[in-house]
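Reading through the structure tokens given below for one structure.
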Amino acid sequence: MSLLMPALIGHRGVASEAPENTAIGLKRCKQLGIKWVELDVTLAGDGSLVMMHDETLERFRKPTERISKMDREALLKVDAGEWFSPVFAGEPLLFLDQAVDLVKTLGMGLNLEIKINPDLPVEALVDGVLATEGLDALQHGDRLVVSSFDHQALARVAASKPEWPLGALYEGVNAQWRDSLVGFTPYSIHTDFETLTDDLAADIRSEYPLYCYTVNDPITFKRLLDKGVNGVFSDRAHAPDLHALITHP
Ligand code: G3P
Ligand code: MG
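Numbering (the numbering used here), first residue to last: 16 to 264.
Put into structure tokens, the structure is as follows:
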């Protein structure tokens, strides 16, 4: 069976080259030949779905400002590029509807990570994702995987969209990894590479495709491929030293 996602997936876009989770980052991915991207989506105070990894604006040098206290208008004024490099000054935050449109236009695949905002209800975030236009079209084209560390969130997705492929995310994966798969059957398992032993990798691979984050160097990538890992999320998913290790397309 062929897999949905390739062996190298852009982490937060192409986070080594452009500000994470932004439109300019997605366009840079396309220029660099990256076929699938992982992006984080979280909930803002007015119910907007914004492409952000964090629940504060600390990354943008405003540590006390919380996303849960902001609306789309306020978020649109945030400079999401300058912190990365002055070259990207003025790059706005991206919203889920815009991200889906752009991924579709660029002809890419999307691993959408539902990032729980601890200040706000999980249900509102998941229901917002479920209601977002364009995700069904991506899924119909085999260009969507939805993932989360919050497996109850994934069960809520499965209840409405049983056809959407789900990635169960783990940090500190252990031998009890199956126990949290309640209310959904994952398409794939996504875990940090640091805690993935050979035995765990073999156990997971006996049932599901397996992906690791965040892998930026060829030595780690090779070690994981040798363990049977199907692919990795990388800040440099375009890099020739990583691509050189892939023996199958
Ligand atoms: O989805 C893989 C990876 O992005 C999970 O960790 O913290 O970078 O969102 P994080
Ligand atoms: Mg992520």
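Heads up, the beta-carbon is just placed ideally off N, CA and C, and yes, glycines get one too.
Contact set for residue i: own chain, Cβ-Cβ below 6 angstroms, skip 5 residues either direction
i: residue 44; result: 25, 28, 29 and 52
i: residue 154; result: 179
Alpha helix (DSSP H) segment containing residue i, residue limits
i: residue 117; result: 111 to 121
i: residue 40; result: 38 to 47
i: residue 205; result: Note, residue 205: premise wrong, no alpha helix (DSSP H); beta strand (DSSP E) at 203 to 207.
i: residue 236; result: 233 to 242
i: residue 166; result: 166 to 175
i: residue 160; result: First-last for residue 160: 159 to 163, but that is the beta strand (DSSP E), not the alpha helix (DSSP H).
i: residue 182; result: Careful: residue 182 lies outside any alpha helix (DSSP H), inside the beta strand (DSSP E) at 181 to 185.
i: residue 143; result: 137 to 145
i: residue 218; result: 213 to 220
Residue i vs residue j beta-carbon contact at 8 angstroms
i: residue 129; j: residue 115; result: no
i: residue 249; j: residue 229; result: yes
i: residue 126; j: residue 160; result: yes
i: residue 243; j: residue 217; result: yes
i: residue 210; j: residue 187; result: yes
i: residue 124; j: residue 225; result: no
i: residue 260; j: residue 251; result: no
Neighbourhood of residue i by C-beta, 7 angstroms cutoff - its chain only, sequence neighbours within 5 removed
i: residue 253; result: 29, 47, 48 and 49
i: residue 235; result: 208
i: residue 95; result: 34, 37, 75, 106, 107 and 108
i: residue 117; result: 38 and 41
i: residue 79; result: none
Own chain partners of residue i with C-beta closer than 8 angstroms, once the 5 adjacent residues on each side are dropped
i: residue 165; result: 129, 131 and 137
Where the beta strand (DSSP E) through residue i begins and ends
i: residue 150; result: Counting along the chain, residue 150 falls outside any beta strand (DSSP E), though it belongs to the alpha helix (DSSP H) covering 150 to 155.
i: residue 78; result: 77 to 81
i: residue 25; result: 23 to 26
i: residue 55; result: 51 to 58
Classification of residue i by the beta-carbon crowding that lies within 10 angstroms, buried from 16 upward
i: residue 157; result: exposed
i: residue 197; result: exposed
i: residue 171; result: buried
Segment contact flag, the segment 136 to 150 with the segment 76 to 88, C-beta cutoff 8 angstroms, min 3 pairs: no
The segment 32 to 39 / the segment 92 to 111 touching (three or more Cβ pairs under 8 angstroms): yes
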